[in-house]
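Numbering (this note's numbering), first residue to last: 605 to 1230. The C-beta atom is built at its ideal place from N, Cα and C for all residues, glycine as well. Heads up, the thing below is written out as structure tokens.
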């Protein structure tokens, strides 16, 4: 965790120092955070630091609490969120460490948004309504208590304050009836005297440096209360039955966790399996059971769509449970073995590094993302399908994970899942797809049928859509997907989507690009699971990790049949990931893997159509007509 750190007294001296009259406080903070936290403050943030932080520091001095430590722009563990200030000091009643999250608002006037007690309109601050500041600070407190070991079980250790230091009571009167859970308070400029009394009630006039050290150095792990809640939430939704190798993988992880507890041993478990083999079922079953046992366990993926859906489904009804679902790049600063178990689902999405193009040059290093994940827990679990590597830079293979584990002297256990639950349990269909795409030896074969799974070729995209819509109308789930061979436009200003996918006179839009719904079209991460998704064509990035009853796949001109087999045409791809920074061999592999993902999303059946005439004829020779 990172923060710009000063005692209240030293911060006031920094602000008023005659020796550095030209230097603003924001410049000092920006310099520190840019060096330690890979961020660059916006002009608005800089202005806020300059105007708000001295107010709080002087209030602490006036309260006789100049030695209380101020952790400015404190980064919440395993997230990119930052609290304005966390105060660290000594509780005047117990003599134990005490902490306070302070959100500093420069608002001078605010009111509830349409009488909604959770939303606020702020005068002079354009844009959409904002979260009520008391609820914001309550959320920060709850999250810190849930993930910081020094706070686990200590209800008296942490409080929160929203401080509207520019506002008088009459100008924010609407906001006062709303309070959090008793842990979060709100004060205005009119109530400064009350605020000073509140500060004296939370902190003794003693140095807070040691308390700050303990917070900054604390182990990061889910609290026992959070794990108990997760166990309850997941159990209520758990309807999984683990079969054969699924149960074997589950029991191996349990054994490794117990072995780690007894002997302090570290162990990596790798679970491989094709689409629908039950990897995510294993992952959620483990998350539920290990939570019930009170283990420190988190779930992580490299897929935004998959993670956001998990947060909405297993985490539905509980913002706390949602916080157990993380991203692979969230463990760069994790302390070794802080967690008992880290469940890395969709581990084929592991990237070479967690750094991005925004990481400053002097902060770049050569540490691999797989090493960060292995180091984060005593038992890291990797669940993957090597044929689902679809983007440049994805490094999640068995050989890569095994090599990095063994280089650390860590024992590795491997389990291969040979069951098939997607594609109607049809091993024949999975093998047919692998040969069609040239991912297994042998030429493409005629589909000879399977009683449990339907495969056919539609003679037009309109026919494909109509057949899928009839399934949707009959109560089944269905989606259309396509290779990334058409442009992908931003929504129009009138809130409609551009029909970018064009084949003859048939047109449809891609799924939404961003985090917000557009009309009836769901946000990108929810295209596969929310109502309205059928009306758009999905791409591999929104389909990967999901399943639906009936699956329609439009093969674009990046994969065409010539001389009895499919070849890739890199120049036909519109995927920015393939148009730069990859050689032809890697592009060929990624395009084939992309269609492997798209063709294996269906549970009951798949319909295919190709935009290339020769390829469509080729498919018709292999498949019955739809």
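For residue 872, the residue or residues it bridges with in DSSP: Taking the first residue of the chain shown as 1, we reach residue 872 at position 268. Partner(s): 1016.
Short Cβ contact (8 angstroms threshold) for residue 741 with residue 776: Taking the chain shown and counting its residues from 1, one reaches residue 741 at position 137. Taking the chain shown and counting its residues from 1, one reaches residue 776 at position 172. Against a cut-off of 8 angstroms, the Cβ pair of residue 776 and residue 741 comes out as no contact.
Buried or exposed (CB count within 10 angstroms, at least 16 for buried), residue 943: The residue you call residue 943 lines up with position 339 of the chain shown. Residue 943 should be labelled buried.
Beta-carbon proximity check, residue 1065 vs residue 1158, cutoff 8 angstroms: Position 461 of the chain shown holds residue 1065. Position 554 of the chain shown holds residue 1158. Contact: yes.
For residue 952 and residue 894, believed in contact at Cβ under 8 angstroms, the rounded distance: Residue numbering aside, residue 894 sits at position 290 when the chain shown is read from its first letter. Residue numbering aside, residue 952 sits at position 348 when the chain shown is read from its first letter. That pair is no contact at about 23 angstroms.
Residue 765 beta carbon less than 8 angstroms from that of residue 789: If you number the chain shown from 1, residue 789 lands on position 185. If you number the chain shown from 1, residue 765 lands on position 161. Taking 8 angstroms as the Cβ cut-off, residue 789 and residue 765 qualify as a contacting pair.
Residue 617 burial status per 10 Å Cβ neighbour count (16 or more: buried): Residue mapping note: residue 617 aligns to position 13 of the chain shown, counting from 1. In this structure residue 617 is exposed. Its beta-carbon is surrounded by fewer than 16 other beta-carbon atoms within 10 angstroms.
Residue 1075 beta carbon less than 8 angstroms from that of residue 1153: For the purposes of this step, residue 1153 is taken as residue 549 along the chain shown, with counting starting at 1. For the purposes of this step, residue 1075 is taken as residue 471 along the chain shown, with counting starting at 1. Annotated as proximal: residue 1153 and residue 1075, with beta-carbon spacing under 8 angstroms.
Proximity to residue 1021 [Cα-Cα], best of 1220, 881 and 709: As a working mapping, residue 1021 is identified with position 417 in the chain shown. Out of 1220, 881 and 709, 881 has the C-alpha closest to the C-alpha of residue 1021.
Touch test, the segment 720-740 against the segment 849-863, Cβ-Cβ under 8 angstroms, three pairs minimum: In short, these stretches do not touch, since the Cβ pair count stays below three.
Assigned secondary structure, residue 820 (DSSP; H/G/I helix, E/B strand, else coil): Mapped onto the chain shown, residue 820 falls at position 216. Residue 820 falls in the helix class under three-state DSSP.
Residue environment, residue 1093, which counts as buried when at least 16 other CB atoms sit within 10 Å: Reading the chain shown from its first residue, position 489 is the one you call residue 1093. It counts as exposed.
Reduced DSSP category for residue 842 - H, G, I as helix; E, B as strand; rest coil: Taking the chain shown and counting its residues from 1, one reaches residue 842 at position 238. Low per-residue confidence applies at residue 842: pLDDT is 49, beneath 50, and the placement is therefore not dependable enough to give any value.
Presumed contact (8 angstroms Cβ cut-off) between residue 608 and residue 677, rounded CB distance: Numbered from its first residue, the chain shown carries residue 608 at position 4. Numbered from its first residue, the chain shown carries residue 677 at position 73. The distance from the Cβ of residue 608 to that of residue 677 is about 6 angstroms, consistent with a contact at the 8 angstroms cut-off.
6 angstroms CB neighbourhood of residue 956 in its chain, flanking five on each side removed: Position 352 of the chain shown, counted from the start, is the residue given in the question as residue 956. Here the set comprises 997 and 999.
Boundaries (first-last residue) of the beta strand (DSSP E) holding residue 984: On the chain shown, residue 984 is found 380 positions in, with the first residue counted as 1. 981-988 is the extent of the beta strand (DSSP E) around residue 984.
Rounded separation between residue 1195 and residue 1163 - CA only: Mapped onto the chain shown, residue 1195 falls at position 591. Mapped onto the chain shown, residue 1163 falls at position 559. Their Cα atoms are separated by approximately 8 angstroms.
Separation of residue 857 from residue 869, as counted between CA atoms: Counted from its first residue, the chain shown places residue 869 at position 265. Counted from its first residue, the chain shown places residue 857 at position 253. Roughly 13 angstroms between the two C-alpha positions.
C-alpha distance - residue 1079 paired with residue 1115, whole-angstrom precision: For this step, residue 1079 is matched to residue 475 along the chain shown. For this step, residue 1115 is matched to residue 511 along the chain shown. For residue 1079 and residue 1115, the distance between alpha carbons rounds to 22 angstroms.
Stretch-stretch touch, CB-based, cutoff 8 angstroms, three pairs: the segment 800-814 with the segment 690-697: With a cut-off of 8 angstroms, the segment 690-697 and the segment 800-814 count as touching, because enough Cβ pairs lie within range.
C-alpha distance - residue 1053 paired with residue 1059, whole-angstrom precision: The sequence position of residue 1053 within the chain shown is 449, counting from 1. The sequence position of residue 1059 within the chain shown is 455, counting from 1. Spanning the two alpha carbons is a distance of roughly 8 angstroms.
Selected residue, minimal CA-CA separation from residue 1148, among 1139, 1181 and 1132: Start at 1 with the first residue of the chain shown, and residue 1148 comes out as number 544. Answer by Cα proximity: 1132.
Cβ neighbour criterion (16 or more within 10 Å) applied to residue 1229: In the chain shown, the residue the question calls residue 1229 occupies position 625. By the 10 Å Cβ count, residue 1229 comes out exposed.
Residue range of the unbroken alpha helix (DSSP H) whose run includes residue 1110: As a position in the chain shown, residue 1110 is number 506, starting the count at 1. Counting along the chain, residue 1110 falls outside any alpha helix (DSSP H), though it belongs to the beta strand (DSSP E) covering 1110-1112.
Those residues which DSSP pairs with residue 998 across a bridge: The residue you call residue 998 lines up with position 394 of the chain shown. According to DSSP, residue 998 bridges with 955.
Cβ shell of residue 708 (< 8 angstroms), same chain only, five flanking positions each side left out: If you number the chain shown from 1, residue 708 lands on position 104. Same-chain partners within the cutoff: 652, 656, 657, 659, 660, 688, 689, 767 and 769.
CB of residue 763 within 8 angstroms of CB of residue 796, strictly: For this step, residue 763 is matched to residue 159 along the chain shown. For this step, residue 796 is matched to residue 192 along the chain shown. Contact flag unset, no.
Under the three-state DSSP convention, the category residue 677 falls into: Residue numbering aside, residue 677 sits at position 73 when the chain shown is read from its first letter. Residue state, collapsed to three classes: strand.
Beta carbon of residue 1057 nearer than 8 angstroms to that of residue 898: The residue labelled residue 1057 in the question sits at position 453 within the chain shown. The residue labelled residue 898 in the question sits at position 294 within the chain shown. Not in contact: residue 1057 and residue 898 (Cβ atoms no closer than 8 angstroms).
Residue 670 beta carbon less than 8 angstroms from that of residue 612: Reading the chain shown from its first residue, position 8 is the one you call residue 612. Reading the chain shown from its first residue, position 66 is the one you call residue 670. It is a contact, given that the beta carbons lie within the stated cut-off.
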